[in-house]
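Following my numbering, the numbering of the sequence shown begins with 15 at its first residue and continues without gaps. Beta carbons: idealized from backbone N, C-alpha and C, even for Gly. Fair warning: this is a prediction, and the values are worked out from it, not measured in the lab. Below is one structure, written out as structure tokens, with a few remarks after it.
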Amino acid sequence: MPELPTLSTDEVRRYARHLSVPGVGEEGQRRLKGSSVLMIGTGGLGSPAALYLAAAGIGRIGLIDPDTVDRSNLQRQILHGESWVGKSKLESAAARLREVNPHVELELHSVRFTPENAMDLVSRYDVVLDGCDNFPTRFLSNDACFLLKKPCVYGSIFRFDGQVTVFAPHLGGPCYRCMLPSLPAPGSAPSCEEAGVLGVLPGVIGSLQAMETIKLLLGIGEPPLGKLLCYDALSTSFRSLRLRRDPACRLCGDAPTIHSVSNHETMANPSCEVPGNEIPAIDVAELSARINAGEDLFIIDVRQPEEEVEGTIPGAILIPLATLPERLSELPVDRELLIHCRSGGRSGRAVQFLHESGFPQAVNVAGGINAWNALKA
């Protein structure tokens, strides 16, 4: 076992309240300083978790996030502020975390977490904290952690409800695939963008993820292996569900068939469509050129009415995604239908649905209104 790092005079003062806690003390604080955590995402869950892990004195924190700060993030992603809108989330997070604790080493990975880089990234850290917002990335973090025998601290949120657990088969628990064996059908689970989330909720769940991470690194308490902690904000209640290892699990079961992070689930896109099911798309530059040329286009906006404040594409007809099935009679079968939403996810599902419903010329507007606004800025 490598020798634990020492604490400076400033660190002893900084962590004074930790040093007096049984189970932590000086040795525990030195253990935290010698530990490392990889955080997937610096959004709603990653924000509170990163703040508390940095404040706790985790020696090295890796942050993965290729995105920029959007104003709609600020309602819940407390790492970021108004002055960082439009700028890198990683740089925003790093600036804030350095203010919280300059003793923490930050490693910034401005990449998407993919099957190509997952094993390399996960191998560099002791624990992975999964703060992502889509199923393929959850499968990927789970699979990489299983193959490398690293604990994966899982959290998820939906409106007023949240969940937390630790997936670590090498410590005696099940894996994520034991709970969810395969991808849900495209569109069956709405994103936070579509369903909404109370801004305080990820603060609760992300903080619990930070707590479980610290417990794992210190080797204290009982991590929720085989236990899914469920929080209901409306009833102010917690309950635990038992998660059992599935002997038939394709990853951690008795006869596994998954031996790589490149597989059906991890290679799907965030809307849960797998490779081979790509939908036709048009970029906003081409769309703008066609509008300027005076083409008679049939553009459909599948966002919610309240989202129109973020901008509109000229001539677009508002048909929220949930109402699309009942409004098919309003759409021409023999014309190209250009579908957009906020960023391309909902419109992609709308295009897939339209193809299945007899509208073969439906096309996705890649990037949605976000890309359109960026083009026009």
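For this session: State the DSSP-derived secondary structure class of LEU230, mapped to helix, strand or coil.
Result: Annotated three-state conformation of LEU230 is helix, per DSSP.
Problem set entry | Assigned secondary structure, THR179 (DSSP; H/G/I helix, E/B strand, else coil) | THR179 falls in the strand class under three-state DSSP.
Exercise. What are the start and end residues of the beta strand (DSSP E) that includes ILE78?
Worked result: 74-78
For this session: With a 10 Å radius around its C-beta and 16 neighbouring C-beta atoms as the bar for buried, classify VAL323 as buried or exposed.
Result: exposed
Exercise. Which whole runs of the alpha helix (DSSP H) in the segment 21-85 are 4 residues long or more, in chain order?
Worked result: List check, alpha helix (DSSP H) in window: 23-28, 30-33, 39-47, 60-70.
Exercise. How many whole angstroms separate the CB atoms of ARG356 and GLU320, which I take to be in contact at a CB cut-off of 8 angstroms?
Worked result: About 12 angstroms; that fails the 8 angstroms criterion.
Problem set entry | Separation of LEU185 from THR227, as counted between CA atoms | 14 angstroms
For this session: Could you tell me whether the segment 84-93 touches the segment 115-128, using the rule of 3 or more Cβ pairs below 8 angstroms?
Result: Judged by Cβ distances under 8 angstroms, the segment 84-93 makes no contact with the segment 115-128, as fewer than three pairs qualify.
For this session: Could you check what DSSP says for ALA376 in three-state terms: helix, strand or coil?
Result: Strand at ALA376.
Problem set entry | Whole-Å CB distance - ILE54 paired with SER155, under 8 angstroms assumed | The Cβ separation is near 6 angstroms, so the contact holds.
Problem set entry | For GLY37 and LEU232, believed in contact at Cβ under 8 angstroms, the rounded distance | 7 angstroms
For this session: Identify every residue that forms a DSSP beta bridge with ASP260.
Result: Looking at the DSSP assignment, ASP260 forms no beta bridge with any residue, so it has no partner.
For this session: Give the range of the alpha helix (DSSP H) segment to which PHE127 is assigned.
Result: Neither: PHE127 is in no alpha helix (DSSP H) and is coded neither H nor E.
For this session: Specify the secondary structure class of VAL214 as computed by DSSP and reduced to three states.
Result: coil
Exercise. ALA247 to ASP175, Cα distance in whole Å?
Worked result: 6 angstroms
For this session: Tell me, to the nearest whole angstrom, how far the beta carbon of VAL178 is from that of CYS159; I am working on the premise that it is less than 8 angstroms.
Result: In fact, because the Cβ distance is near 16 angstroms, the residues do not count as touching under 8 angstroms.
Exercise. Hey, quick one: how far does the beta strand (DSSP E) through TYR168 stretch, first residue to last?
Worked result: 166-172
For this session: Along the beta strand (DSSP E) that carries TYR190, what are the first and last residues, could you check?
Result: No beta strand (DSSP E) holds TYR190; the alpha helix (DSSP H) holding it covers 190-193.
For this session: For PRO289, count neighbouring Cβ atoms within 10 angstroms of its own Cβ and tell me buried if that reaches 16, exposed if not.
Result: For PRO289, the pLDDT reaches just 47, beneath the cut-off of 50, and the residue's location in the model is therefore unreliable, leaving the point undetermined.
Problem set entry | For CYS266: DSSP bridge partner residues | None; CYS266 has no bridge partner.
For this session: Starting from the Cα of ALA299, find the closest Cα among GLY240, ALA364, ASN387, ALA269 and give me that residue.
Result: ASN387
Exercise. Going by DSSP, which residues form a beta bridge with VAL142?
Worked result: DSSP output for VAL142 lists LEU52, CYS166 as bridge partner(s).
Problem set entry | Spatial distance of ILE92 from ILE219 (CA atoms) | 13 angstroms
Problem set entry | Where VAL51 falls, given that 16 or more other Cβ within 10 Å makes a residue buried | buried
Exercise. Considering only C-alpha positions, which residue in the set ILE293, LEU342, LEU88 is nearest to PRO62?
Worked result: LEU88
Problem set entry | DSSP state of CYS355 mapped onto helix, strand, coil | Secondary structure at CYS355: coil, using DSSP grouped into helix, strand and coil.
Exercise. Taking contact to mean at least 3 C-beta pairs separated by less than 8 angstroms, is the segment 333-346 in contact with the segment 308-319?
Worked result: yes
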